[in-house]
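S.K.: Read in order, the letters of the sequence shown are residues 310 to 550 in this note's numbering. For every residue, glycine included, the Cβ atom is placed at its ideal position computed from N, Cα and C. Mind looking over this structure? Questions follow.
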Amino acid sequence: MAVTYDFAGKTAIVTGGSRGIGRAVAAHLARSGADVWIWDADPVPADGIRNQTVDVTKAGDIKAALTEIVAGTGRIDILVNNAGYLGPYHGFETFDPAEWQRIIGVNLLGTFEVTHQVLPVMRQAGRGRIVNMGSLAGKEGLPNLAAYSAASAGVIAFTKALSREVCDTGIRVNCVAPGPIDTDLIRRLGNKVVSDMIGASPLKRLGAVDEVAALVLWLCSDASSFNTGAVFDMSGGRARY
Ligand SMILES: NC(=O)c1ccc[n+]([C@@H]2O[C@H](COP(=O)([O-])OP(=O)(O)OC[C@H]3O[C@@H](n4cnc5c(N)ncnc54)[C@H](O)[C@@H]3O)[C@@H](O)[C@H]2O)c1
């Protein structure tokens, strides 16, 4: 059952919104009336949504894109920090340092950089919603995904810290921590890894992007007003705490 919200008049940015979870979030926000801008390093056109080519690790890309949006609308109501890079799936001892730099760069430092630039616009308005995409890996620490787990744990701690820094405003900052969701990011790991992940899940399936989007939309809405600094599992029962 689809729950609907009225985001008419709200401006939203979804990073990594061209594929997977971000694409679903952007589509649902647009369908609910929001003026949605996707910031993706490799953008794909989507109906009723504007794309800007933004690599979240590049401060200059973010600044140029933000300047264009603010010049037009003067506001950012919703920021979904979703752009992510999983990296290779293997043991830490054979990890290439260039890969862990990229994983931390996109998932954690990208979230910092985007938030650092967007937050002043929200603070000026005194309100807003920030949803950071973490991961089950950041809570549990998954073998063969050490750097990704560390980046995601950083996103979770960042969410908690930042939420407290802005709690005297109407800005709410929360995190969603999905387990395996059916996107290219997971499918790239190959059938064996994916079926092992399904086997480890109490619900015995991958999550769907629309299921994650439903939670994100609620967190972006006025219906979620007493939640901030919280981490919401979306793991089919796999998360243990
Ligand atoms: N799919 C899952 O099982 C799962 C589980 C837990 C967490 N997550 C998190 O959810 C988010 C979305 O994952 P997904 O599965 O939809 O991934 P995906 O690979 O399907 O899509 C990721 C999107 O991010 C974009 N992107 C990558 N690097 C970027 C950069 N530097 N700047 C801007 N855009 C960039 C890609 O172009 C792509 O459009 C990620 O943060 C991921 O870590 C996913």
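Do Gly325 and Ala392 have their beta-carbon atoms positioned less than 8 angstroms apart in this structure?
M.R.: Yes, Cβ-Cβ distance for Ala392 and Gly325 is below 8 angstroms.
S.K.: Got a sec, what are the start and stop residues for the beta strand (DSSP E) Val475 sits in?
M.R.: From DSSP, Val475 is part of no beta strand (DSSP E); its letter is neither H nor E.
S.K.: Is Ser458 near ligand 1, with its Cβ less than 7 angstroms from a heavy atom?
M.R.: Flag unset: Cβ of Ser458 not near ligand 1.
S.K.: Just tell me which of Thr376, Ala335, Asp405 has its CA closest to the CA of Asp356.
M.R.: Nearest of Thr376, Ala335, Asp405 to Asp356, Cα basis: Ala335.
S.K.: Note down, one range per segment and in chain order, each beta strand (DSSP E) of at least 3 residues found wholly within the segment 457-513.
M.R.: Here the runs fully enclosed are 479-487.
S.K.: Could you check if Glu422 is buried or exposed, using at least 16 other CB atoms within 10 Å of its CB as the buried criterion?
M.R.: Its Cβ being crowded by 16 or more others within 10 Å, Glu422 is buried.
S.K.: Given 7 angstroms as the limit, tell me if Ala392 has its C-beta closer than that to any heavy atom belonging to ligand 1.
M.R.: It does: the Cβ of Ala392 is within 7 angstroms (strictly closer) of some heavy atom of ligand 1.
S.K.: Can you confirm whether the segment 419-437 touches the segment 384-391 when touching is taken to mean that 3 or more C-beta pairs between the two stretches lie within less than 8 angstroms?
M.R.: Cβ pair count under 8 angstroms is three or more, so yes.
S.K.: I think Val485 touches Gly443, with their Cβ atoms under 8 angstroms apart; what is that distance to the nearest whole Å?
M.R.: With a Cβ gap of about 7 angstroms, Val485 and Gly443 count as contacting.
S.K.: Quick check: what's the CA-CA separation for Tyr314 versus Ala522?
M.R.: C-alpha separation (whole angstroms): 12 angstroms.
S.K.: Enumerate in chain order the residues of its own chain whose CB-to-CB distance from Asn453 is below 7 angstroms, with the five nearest sequence positions on each side excluded.
M.R.: Result list for Asn453: Tyr398, His399, Gly400, in chain order.
S.K.: When you compare only the Cα positions, how much space is there between Gly331 and Thr403?
M.R.: Roughly 31 angstroms separates the two Cα atoms.
S.K.: Is the beta carbon of Arg514 closer than 8 angstroms to that of Gly545?
M.R.: Yes, these two residues count as a Cβ contact at 8 angstroms.
S.K.: Three or more C-beta pairs closer than 8 angstroms, one from the segment 493-500 and one from the segment 525-536: is that the case here?
M.R.: No, the segment 493-500 does not touch the segment 525-536.
S.K.: Does the Cβ-Cβ distance between Met506 and Leu524 come in under 8 angstroms?
M.R.: No.
S.K.: Might you give, ordered along the chain, the residues of its own chain that have their beta carbon closer than 6 angstroms to the beta carbon of Val353, omitting 5 neighbours on each side?
M.R.: The answer, listed in chain order, is Ser327.
S.K.: Just the C-alpha distance for Ala333 and Ala321, rounded to the nearest angstrom, thanks.
M.R.: Each residue's Cα considered, the two are about 13 angstroms apart.
S.K.: Comparing alpha-carbon positions, which option in Gly414, Leu471, Ala380 lies nearest Ala456?
M.R.: With distances taken between Cα atoms, Ala456 lies closest to Gly414.
S.K.: Within this structure, are the beta carbons of Thr478 and Arg432 separated by less than 8 angstroms?
M.R.: Closer than 8 angstroms, so yes.
S.K.: Considering only residues of the same chain and omitting the five flanking positions on each side of Thr424, which have a CB-CB separation below 6 angstroms?
M.R.: Closer than 6 angstroms at Cβ, skipping near neighbours: no residue.
S.K.: Is Gly450 helix, strand or coil by DSSP?
M.R.: Correct three-state label for Gly450: coil.
S.K.: Let me know the secondary structure DSSP gives Phe535 once reduced to three states.
M.R.: If DSSP states are grouped into helix, strand and coil, Phe535 belongs with coil.
S.K.: Is Gly369 buried or exposed, if buried means 16 or more other CB atoms sit within 10 Å of its CB?
M.R.: By the neighbour-count rule (16 or more Cβ atoms within 10 Å), Gly369 is not buried but exposed.
S.K.: Does DSSP put Phe404 in a helix, in a strand, or in coil?
M.R.: In this structure, Phe404 counts as coil in the three-state DSSP scheme.
S.K.: Compute the minimum distance between the beta carbon of Gly546 and the heavy atoms of ligand 1, and state whether it is under 7 angstroms.
M.R.: No; taking the cut-off as 7 angstroms, the Cβ of Gly546 has no heavy atom of ligand 1 nearer than that.
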